[in-house]
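Enquirer: Before anything else, here's the structure in question.
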Amino acid sequence: MLMLKILHTIILNILDRKRFMRRFEQYFWHIIGSVMHGQTSQSMHKLILTLSLFCVGYAAQAQSTLGFNLNGFLPIGELKKDSPEIWGGGFSLDIAVKLKDSPIHVGGRFDVTRYGSEVREGFHGPDLGDIRVRRNNELLGFLGFARVKPLISGNFQPYVDFLGGFNYIFTRSHYRDSAVDEPFDSFIDINDFVLSYGAGGGLEIFLNEILSLDLSFRAVRSSRANT
Numbered sequence: 124m125l126m127l128k129i130l131h132t133i134i135l136n137i138l139d140r141k142r143f144m145r146r147f148e149q150y151f152w153h154i155i156g157s158v159m160h161g162q163t164s165q166s167m168h169k170l171i172l173t174l175s176l177f178c179v180g181y182a183a184q185a186q187s188t189l190g191f192n193l194n195g196f197l198p199i200g201e202l203k204k205d206s207p208e209i210w211g212g213g214f215s216l217d218i219a220v221k222l223k224d225s226p227i228h229v230g231g232r233f234d235v236t237r238y239g240s241e242v243r244e245g246f247h248g249p250d251l252g253d254i255r256v257r258r259n260n261e262l263l264g265f266l267g268f269a270r271v272k273p274l275i276s277g278n279f280q281p282y283v284d285f286l287g288g289f290n291y292i293f294t295r296s297h298y299r300d301s302a303v304d305e306p307f308d309s310f311i312d313i314n315d316f317v318l319s320y321g322a323g324g325g326l327e328i329f330l331n332e333i334l335s336l337d338l339s340f341r342a343v344r345s346s347r348a349n350t
């Protein structure tokens with residue numbers, strides 16, 4: 124039902140950008156509220172679908188690029204000092220619009236990342252007994268960026284990114300009777316919004332007129348979360 128509503132919005136409002144943005148904002152903040160109240164599984168699917176369809180609809184209205192990325196995660200700075208063993212991965216969606224007659228693109232990026240997981244099995248008190256508890260550290264990233272692409276010819280396009288925005292970080296716990304059973308309880312016990320900024324670069328390898336392979340790295344710093 125949500126997918127049909129969003130598709131309907133895109134089709135009717137593809138030429139009305141202000142109305143399109145208002146409708147998207149309504150969906151977006153409704154879903155974020157659900158995530159913050161612990162309704163993460165269903166809300167995550169809705170959020171990913173909403174952002175994906177929004178990017179497709181917006182890309183049809185301007186000279187723009189749309190990207191889907193598989194990401195790796197390694198700690199730097201204070202996080203590396205505190206938890207050097209943490210690593211993770213995820214995916215991201217981004218869209219960038221070229222400013223007229225310039226090498227500068229502006230856009231936004233949405234990240235879903237899991238950066239660490241802990242499993243505890245055994246006796247957890249007389250109320251729970253012998254169960255399996257998994258805690259996942261996760262983040263949702265919402266970063267705007269300015270991208271500089273030098274005007275070159277050929278199949279290789281280098282670029283530099285400057286990013287800024289915020290991340291919603293949270294720790295989600297799942298209680299199971301065993302590794303193969305469905306969770307009988309799940310909840311978020313730590314969550315906070317942090318400001319984030321950084322820079323990075325990459326190289327686009329053009330495969331044809333509309334597709335390219337993008338190899339990139341980004342270093343992002345964040346304010347300290349309240350835990």
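Counting in our numbering, the sequence shown runs from 124 upward without gaps.
For every residue, glycine included, the Cβ atom is placed at its ideal position computed from N, Cα and C.
(1) Beta strand (DSSP E) containing Glu261: first to last residue?
(2) In chain order, what residues of the same chain lie with their CB nearer than 6 Å to the CB of Phe329, ignoring the 5 residues before and after it?
(3) If the criterion is Cβ atoms closer than 8 Å, does the pair Leu262 and Tyr238 meet it?
(4) Measure from the C-beta of Gly231 to each C-beta in chain C and report whether the shortest distance is under 8 Å.
(5) Who are the near neighbours of Phe285 in its chain, counting only those whose CB is closer than 7 Å to its CB and skipping five residues on each side?
(6) What three-state label does DSSP hand Glu244 in the structure shown?
(7) Give the range of the beta strand (DSSP E) segment to which Arg299 is assigned.
(8) What does Tyr238 pair with, by DSSP beta-bridge criteria?
(9) State the Cα-Cα distance for the pair Phe377 and Ser215, rounded to the nearest angstrom.
(10) If you drop the 5 nearest sequence neighbours on each side, which residues of the same chain put their C-beta closer than 6 Å to that of Gly324?
(11) Give the range of the beta strand (DSSP E) segment to which Ile275 is assigned.
(12) Would you decide whether Asn331 is buried or exposed? Buried here means 16 or more other CB atoms lie within 10 Å of its CB.
(13) Whole angstroms are fine: how far does the CA of Glu327 sit from the CA of Ile333?
(14) Leaving out five residues before and five after Asp308 in sequence, what residues of the same chain have Cβ atoms less than 6 Å from its Cβ?
(15) Using CA coordinates, which residue listed in Phe265, Phe196, Asn259, Asp217 is at the minimum distance from Asn290?
(16) Indicate the three-state DSSP secondary structure (helix, strand or coil) for Lys223 in the structure shown.
(17) Over the uninterrupted beta strand (DSSP E) stretch that includes Leu193, give me the two end residues.
(18) Only counting the same chain, and skipping five residues up and downstream in sequence, which positions put a Cβ closer than 6 Å to that of Ile209?
(19) Go ahead and pull the three-state DSSP assignment for Glu332.
(20) Going by DSSP in three states, Glu208 sits in which element: helix, strand or coil?
(21) Would you identify the three-state DSSP class for Glu327, choosing helix, strand or coil?
Expert: Taking the coordinates as given:
(1) Counted from its first residue, the sequence shown places residue 261 at position 138. From DSSP, the beta strand (DSSP E) with Glu261 extends over 253-271.
(2) What you label residue 329 is simply residue 206 of the sequence shown in a count that begins at 1. Beyond the five residues adjoining it in sequence on each side, Phe329 comes within less than 6 Å, by CB distance, of Asn278, Ser335 in the same chain, given in chain order.
(3) The count along the sequence shown starts at 1 and reaches residue 262 at position 139. The count along the sequence shown starts at 1 and reaches residue 238 at position 115. In contact: Leu262 and Tyr238 (Cβ atoms closer than 8 Å).
(4) Included in the structure is just one protein chain, with no chain C present.
(5) As a first step, residue 285 is located in the sequence shown; it is residue number 162 there, counting from the start. So the qualifying residues of the chain are Phe268, Ala269, Ala322.
(6) Mapped onto the sequence shown, residue 244 falls at position 121. The answer is strand: DSSP assigns Glu244 an E or B state.
(7) Your numbering for residue 299 matches position 176 in the sequence shown. 279-299 is the span of the beta strand (DSSP E), which, as asked, contains Arg299.
(8) Numbered from 1 along the sequence shown, position 115 holds the residue referred to as residue 238. Beta-bridge pairing links Tyr238 to no other residue.
(9) The requested residue 377 does not occur in the structure, where the chain is confined to residues 124 to 350.
(10) The residue labelled residue 324 in the question sits at position 201 within the sequence shown. Taking Gly324 as the centre and dropping the five residues before and after it, the same chain places the C-beta of Val283 closer than 6 Å to its C-beta, in chain order.
(11) Numbered from its first residue, the sequence shown carries residue 275 at position 152. Note, Ile275: premise wrong, no beta strand (DSSP E); not H, not E.
(12) As a working mapping, residue 331 is identified with position 208 in the sequence shown. Counting C-beta atoms within 10 angstroms of its own C-beta, Asn331 has fewer than 16 neighbours from the protein chains shown and is therefore classed as exposed.
(13) Sequence index remark: in the sequence shown, residue 333 carries index 210 (1-based). Sequence index remark: in the sequence shown, residue 327 carries index 204 (1-based). Answer to the nearest angstrom: the Cα atoms are 12 Å apart.
(14) What you label residue 308 is simply residue 185 of the sequence shown in a count that begins at 1. These residues qualify, in order along the chain: Tyr298.
(15) As a position in the sequence shown, residue 290 is number 167, starting the count at 1. Nearest in C-alpha terms to Asn290, of all of Phe265, Phe196, Asn259, Asp217, is Phe265.
(16) Translated into positions along the sequence shown, residue 223 becomes position 100. Looking at Lys223 - three-state DSSP - the assignment turns out to be coil, as it is neither helix nor strand.
(17) Taking the first residue of the sequence shown as position 1, residue 193 is located at position 70. Start and end: 187-196.
(18) Locating residue 209 in the sequence shown gives position 86, where the first residue counts as 1. Around Ile209: Pro198, Tyr238, Gly239.
(19) Taking the first residue of the sequence shown as position 1, residue 332 is located at position 209. Glu332 carries a coil assignment under DSSP once its states are collapsed to helix, strand and coil.
(20) Position 85 of the sequence shown holds residue 208. Glu208 carries a coil assignment under DSSP once its states are collapsed to helix, strand and coil.
(21) Start at 1 with the first residue of the sequence shown, and residue 327 comes out as number 204. The answer is strand: DSSP assigns Glu327 an E or B state.
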